[in-house]
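In terms of the working numbering, the sequence shown is residues 30 to 322.
Every residue, glycine too, gets a C-beta built ideally from N, C-alpha and C.
Okay, so here's the structure we're looking at.
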Amino acid sequence: MGAPALFVVLWSTGFIGAKMGLPHAEPATFLAIRFLAVATILAVVAWITKASWPDNHKEKAHIAAVGLLVHGIYLGGIFGGISLGVTAGDSALIVGMQPVLTAVLVGPILGEIVRARQWTGFVIGTVGVTLVSWRYIDDLDSTLTGVALCVVAVMGMSLGAIYQKRYCAQMNLLTGSCIQFLAAALFMVLIAGALEEGQIDWTGEFIFALGWLVVVLSLGAMTLLWLLVRAQAATQVASLFFLVPPVTALIAWPLFGETLTIKSVIGMGLVVLGILLVKHDRSDTGRDEAEPA
């Protein structure tokens, strides 16, 4: 399994972990514990391996800003939205819109050129994501606030990935990720202290969900994401998020007994076609080769 495919599979399990863990802890409290655990693990590994830390405060600030966007805003918005009643399908659909937002932003920020073929791929992928999530749209029961949080979350991920590409692409993955998770953890501690009671139900299901999200998502999937951002154009990486709703549906099928409809299967096919169009010719997408500031 290649790195992009492995990333999609691992990333898609995050919705399952959130669904398992959120009934037992408030979202900001849950994320604060998760981020602190990840930052601690990364700090220990960095110390053992004598990994290099950023040399100046400006570089540290750039790295921390990405952490706030990608971990604090994105995951905070998704977890907050789910806790307010947004279904897994609704949140997956909203997340599936991220590639289009990224395509709109990469031109003015990174100077990447999005060709007509790629725009066609984004449109086809969006239609596919909509078909995959159609049953959830029919029974939309999410609160307006929850949906708004998910939309803000997607904006955070899109801006964070572009910011990472522009300023932090060459950061040390151990120490840079440690700074990012620590910044997000402090952000979540502030939110939890202001808005939540901090109660946690330490059941086996919660501990499993927490462990899965720490090791598989935060350590595994995030490392793969930054490696992909470093090696590929932002639009090509963003197109992978079109696959998240279909893969999430496939994972939820045996775990939660959710059935796959004809619309879902057709939608998955359109998503794959959209991805192929976006990634068809690497020469179609310009790259920003600037060194991190």
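Taking all protein chains shown into account, do 16 or more other C-beta atoms lie within 10 angstroms of the C-beta of W241, making it buried, or fewer, making it exposed? Buried, by the Cβ-count rule.
Close beta carbons around V181, own chain, < 7 Å, minus the five adjacent residues each side: I102, G106
Please go through the same chain and pick out, in chain order, the residues whose beta-carbon is closer than 6 Å to the beta-carbon of L306, but skip the five residues on each side of it. R146, T149, G150
Presumed contact (8 Å Cβ cut-off) between M200 and I92, rounded CB distance: 6 Å
How would you write the range of the alpha helix (DSSP H) that V78 sits in, first residue to last? Looking at the sequence itself, residue 78 is Thr, so the reference to Val does not match. Its alpha helix (DSSP H) spans residues 56-78.
Identify the residues that DSSP records as bridge partners of I229: which are they? A54
Using the C-alpha atoms, what's the distance from A177 back to A198? 29 Å
Whole angstroms is fine: what's the gap from G157's alpha carbon to G110's? 23 Å
Distance, S206 Cα to M49 Cα: 25 Å
Can you grab the Cα-Cα spacing for the pair W282 / T69, in whole Å? One C-alpha to the other measures close to 34 Å.
T204: first and last residue of the uninterrupted alpha helix (DSSP H) it sits in: 202-224
CA-CA distance, I153 and M297? Spanning the two alpha carbons is a distance of roughly 11 Å.
Whole-angstrom Cβ separation of A213 and F44, contact assumed at under 8 Å? Not quite, the Cβ-Cβ distance comes to about 19 Å (not below 8 Å), so this is no contact.
Excluding sequence positions up to five away, which residues of its chain have a Cβ less than 6 Å from the Cβ of D230? H53
Taking only three categories from DSSP, how would you classify Q261? coil
Residue closest to Q193, alpha-carbon to alpha-carbon, out of L224, V258, A61, T159: Sorting L224, V258, A61, T159 by C-alpha distance to the C-alpha of Q193 places V258 at the top.
Count the other CB atoms, across all protein chains shown, that sit within 10 Å of the CB of T174; report buried if there are 16 or more and exposed otherwise. exposed
Using a Cβ-Cβ cutoff of less than 6 Å, which residues in the same chain neighbour P56 once the five nearest sequence positions on both sides are dropped? F108, G109, S112
Whose C-beta lies closer than 7 Å to the C-beta of L211 among residues of the same chain, with five residues either side of it excluded? A68
Cutting at 7 Å between CB atoms, please list the residues of its own chain near L302, excluding the five before and the five after it. I153
Determine whether the beta carbon atoms of F216 and L97 lie at a separation below 8 Å. Inclusion of F216 and L97 in the CB contact set at 8 Å is warranted, their separation being smaller than that value.
Below 8 Å on the Cβ atoms is my guess for F237 versus Q127; work out the distance and round it to an integer in Å. Rounded, the Cβ-Cβ distance is 28 Å, inconsistent with contact.
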